[in-house]
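To start, the structure itself, in structure tokens.
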Amino acid sequence: MNQVCEKLAKCPIFQKGILFNEFTGETYKMLYCLRPDRYKTCKRYQASVICNCAIPEMIMPNSSLTLEEIVERAKAEVDK
Ligand code: SF4
């Protein structure tokens with residue numbers, strides 16, 4: 836099992852300008868990305884495993900959307 840999420844280096848939500856502020860990003864990392872027992876509960880991670888495609892950057896780890904809804908949006912982005 837990985838110690839941190841393998842998507843962390845390229846995860847688009849941590850690219851400049853996506854998150855409201857840096858503190859929000861650090862909080863997500865502490866709650867999900869850097870925790871071996873938690874990163875697989877991230878909605879972004881789970882959706883990407885299902886669809887094997889890029890997840891829209893507005894989807895956060897604790898998104899209230901269902902995985903089905905996230906995958907639908909991700910596929911709609913791909914089809915654009
Ligand atoms: S936000 Fe989710 S998918 Fe992105 S690096 Fe963190 S745990 Fe992985």
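Just add 835 to the spot in the sequence shown (first one is 1) and you have my numbering. Every residue gets a Cβ at the ideal spot worked out from N, C-alpha and C, and that includes glycine.
Check your understanding: Are the beta-carbon atoms belonging to Glu904 and Pro847 less than 7 Å from one another?
Key -> Working through the sequence shown from its first residue, we reach residue 904 at position 69. Working through the sequence shown from its first residue, we reach residue 847 at position 12. No, the pair does not count as a contact, with Cβ atoms beyond the cut-off.
Exercise for review: Consider the C-beta atom of Lys915 and the heavy atoms of the ligand SF4; say whether any pair is separated by less than 6 Å.
Suggested key: The residue labelled residue 915 in the question sits at position 80 within the sequence shown. No, since every heavy atom of the ligand SF4 falls outside the 6 Å radius drawn around the Cβ of Lys915.
Review point. Hey, how far is the Cα of Val913 from the Cα of Tyr880?
Key: Counting from 1 along the sequence shown, the entry for residue 913 is found at position 78. Counting from 1 along the sequence shown, the entry for residue 880 is found at position 45. Approximately 17 Å, taken between the alpha carbons.
**Study point:** Continuous alpha helix (DSSP H) stretch holding Gly860: start and end
**Key:** Residue mapping note: residue 860 aligns to position 25 of the sequence shown, counting from 1. Start and end: Glu857 to Tyr863.
Check your understanding: With a Cβ-Cβ cutoff of 7 Å, do Leu869 and Val839 count as a contact?
Key -> On the sequence shown, position 34 is the one that residue 869 refers to. On the sequence shown, position 4 is the one that residue 839 refers to. In this structure, Val839 lies closer than 7 Å to Leu869 by Cβ.
**Study point:** Option in Leu843, Gln850, Lys851 and Ala882 with minimal Cα separation from Lys864
**Key:** Numbered from its first residue, the sequence shown carries residue 864 at position 29. Here the closest residue by C-alpha is Leu843.
**Study point:** Around the ligand SF4, Cβ to any heavy atom closer than 5 Å, ordered along the chain
**Key:** Cys840, Lys842, Leu843, Cys846, Tyr867, Cys868, Tyr874, Cys877, Arg879, Tyr880 and Pro896
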